[in-house]
Ligand code: HEM
Ligand code: HEM
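Numbering (this note's numbering), first residue to last: 357 to 549.
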């Protein structure tokens, strides 16, 4: 089993990051929409936002580590894609990184606008770097728009992955699900695509 990515597909670490984050992001979207509708007397009025913020900070950390991991690994080959598909895949993958980063930071800014830190499951606090009362509302509006944008991009991305799998019968989805074959080729760092 490959731990690192190879030319033929994603290793265990990238696959765990991808699927853990995909599930968590969709769950966070549903949790966010549900929690903003809770009234003061709901037993989840405090705990739901606490969980949302805590998972969000774990995702921010995971995003940074995932990006570093991606940069120090071989890039699985996209030779089987057409030039247009290659451009679209590049735009979608980097679009995800940018949108997710902005989404997570906007969530952090809503939560810390009053100068309070974000508690991560009560284990530790992430301190506020700004104290800008009034920032909650614009940051909240941006957060909502970015959350919808991430979900729309994820839907397009999932449809494209399923199209490659079902119609084109390519290995694109398999290599993100079960990884590259054990005889896979690797690229040395410094000789990357
Ligand atoms: C994948 C990451 C995230 C997703 C998909 C997400 C999604 C959402 C959604 C859909 C809402 C409801 C917006 C509305 O209808 O007004 C929301 C609200 C909220 N989110 Fe997130 N969020 C994420 C990360 C975070 C993070 C990292 C934090 C803070 C550390 C955070 C803090 C908040 C807060 C405080 C609200 C309530 C805003 C309000 O009361 O208007 N979120 N989020
Ligand atoms: C919110 C959900 C999702 C996010 C944020 C996401 C993000 C990404 C990103 C950033 C990549 C680039 C590789 C990397 O950096 O690790 C990627 C690759 C991939 N994703 Fe997703 N993804 C999501 C959901 C899905 C779903 C639901 C599917 C399948 C139905 C899927 C299938 C794939 C496949 C097959 C690849 C590899 C593409 C290639 O080899 O060029 N993803 N995803």
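Backbone N, C-alpha and C fix where the C-beta goes; we use that ideal spot for every residue, glycine too.
Assignment of beta-bridge partners to residue 475 by DSSP yields 481. Using a Cβ distance threshold of 8 Å, residue 404 and residue 387 count as a contacting pair. By the Cβ test, the stretch 417-432 is in contact with the stretch 358-374, since at least three Cβ pairs between them sit closer than 8 Å. Counting along the chain, the unbroken alpha helix (DSSP H) around residue 443 starts and ends at 439-468. Here residue 486 carries a coil assignment [DSSP, helix/strand/coil]. Residue environment for residue 449: exposed (fewer than 16 other C-beta atoms within 10 angstroms of its C-beta). Under the Cβ criterion (8 Å, minimum of three pairs), the stretch 491-503 does not count as touching the stretch 514-528.
Bounds of the alpha helix (DSSP H) holding residue 384 are 368-391.
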